[in-house]
Amino acid sequence: MHFKTKILKNSKKNILEVVSKLDSGEVIGLPTETVYGLAGRCDNKNTIDNIYKIKSRPKNNPLIIHYSNPNDALRDIYADSRAIELAKKFWPGPLSIVAKIKSRSIAREALADLNTVAVRVPSNKIFLDVLNKLKTPLAAPSANRYGKISPTSAKDVYEELNSKISIILDGGPSIIGLESTVIDLTEKDTKILRYGGLNKQEINKIISLDNNKTIKIFISPGLSSSHYQPDTSMRINAIRPRKNEAWLAFGAIPKHYKGIAISLSKKKCLKETAKNLYKMLRYLDKRKCAKIAVQKIPELGLGIAINDRLQKASFKKTNAKKY
Ligand code: AMP
Ligand code: MG
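The opening position of the sequence shown corresponds to residue 1 in my numbering, with each subsequent residue numbered one higher.
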């Protein structure tokens, strides 16, 4: 299908139009606090097929299902005490919980043939408004073409998916700017499958994570070593820029630097860095430089998720392999 894509402001009338389109099975670009999502009813096989098609996303990469409230989300999974505690503390918010699926209404196509599901309650007011009016949970991966930089504004979604969807609802810039943290509770050992908007330290205050039992060594369906990629090649963990490189600084930009440069956060704030990361990568990508060099970012707190995205963004496609 070919659409004349509209970016709509958040108004009562527009929300009702979006809800009606979602209800009838359409796929819509919606704001969330993490990144913009490509949302569709989770119980409609054709809708789910469309989400994969629009993104060119491989079918082995399951979708996160978004709910208007924790009770509905927990009712659709086999929720143990960890799930209940985490939900109480972090929902609504940037945490996706993977557990055995109980619901029979989620389309199998959204689950990559697994008997587990990732569920989340987002905190974005507009997304919640839509969910509350719709009364059906929404599958919503990021609203970008597969492997590309995630969108953090309605304009980014337009650049990514123009003509492939009818409506993008504008909710302003995403306040977190990184995807959700994905935590796997299907077994006794709790695993982090993907670092994101919620820190490990925060999670550790609620349930203790065994340090050796978290992170990338765990196989998370669909996760690939190359992702979030600009067209320009990248050099990460850089100390200073080289000739012809665009400089993505963490901290101040050197006073006499003559090249293209922008700072993720002049005061080295990781929260600000997360919020700016995708936006600034998109900006520099458009400048068509030989290379983007990114200043080293500390591997702590949100820095772990930021470095994970940078590593994938800079991964050479010729070496790209699934793990
Ligand atoms: P995205 O929709 O791009 O933010 O990515 C969703 C990610 O969540 C997937 O790539 C998986 O890594 C993870 N995920 C979703 N559902 C499951 C599941 N049932 N089991 C394990 N991981 C999942
Ligand atoms: Mg994504």
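All residues carry an ideal CB built from backbone N, CA and C; glycine is no exception.
{"Check": "Cα-Cα separation, V294 to S166", "Outcome": "35 Å"}
{"Check": "R120 - partner residues in DSSP beta bridges", "Outcome": "H66"}
{"Check": "Proximity test, S226 beta-carbon vs the ligand AMP heavy atom, cut-off 6 Å", "Outcome": "no"}
{"Check": "Whole-number beta carbon distance between V119 and N96, since they are thought to touch under 8 Å", "Outcome": "Reading the sequence as shown, one finds Ser at residue 96 and not Asn. S96 to V119, Cβ: 7 Å. Contact."}
{"Check": "Short Cβ contact (7 Å threshold) for G301 with N204", "Outcome": "no"}
{"Check": "Span of the alpha helix (DSSP H), counted from its first residue to its last, around M280", "Outcome": "L270 to K286"}
{"Check": "Run of the alpha helix (DSSP H) containing V157, from where it starts to where it stops", "Outcome": "A154 to L161"}
{"Check": "7 Å Cβ cutoff met for G197 and P94", "Outcome": "yes"}
{"Check": "K133 beta carbon less than 7 Å from that of V27", "Outcome": "no"}
{"Check": "Those runs of the beta strand (DSSP E) which lie wholly inside the region 285–316 and span at least 3 residues", "Outcome": "291–295"}
{"Check": "Proximity test, P62 beta-carbon vs the ligand MG heavy atom, cut-off 6 Å", "Outcome": "no"}
{"Check": "E179: CB within 6 Å of a non-hydrogen atom of the ligand AMP", "Outcome": "yes"}
{"Check": "N237: first and last residue of the uninterrupted beta strand (DSSP E) it sits in", "Outcome": "S233 to A238"}
{"Check": "heavy atom of the ligand AMP below 6 Å from L74 C-beta", "Outcome": "no"}
{"Check": "The region 60–79 / the region 150–162 touching (three or more Cβ pairs under 8 Å)", "Outcome": "no"}
{"Check": "Boundaries (first-last residue) of the alpha helix (DSSP H) holding S81", "Outcome": "S81 to F90"}
{"Check": "Range covered by the beta strand (DSSP E) that runs through V130", "Outcome": "V130 -> not in any beta strand (DSSP E); alpha helix (DSSP H) instead, spanning K125 to L134."}
{"Check": "Proximity test, S56 beta-carbon vs the ligand MG heavy atom, cut-off 6 Å", "Outcome": "no"}
{"Check": "Reference V35; option with closest CA among F127, S233, T47 and K243", "Outcome": "F127"}
{"Check": "Sub-7 Å separation of A305 and Y195 beta-carbons", "Outcome": "yes"}
{"Check": "CA-to-CA distance, P230 to S144, given in whole angstroms", "Outcome": "Note on residue identity: the sequence assigns Asn, not Ser, to residue 144. Using only the alpha carbons, I get a separation of about 12 Å."}
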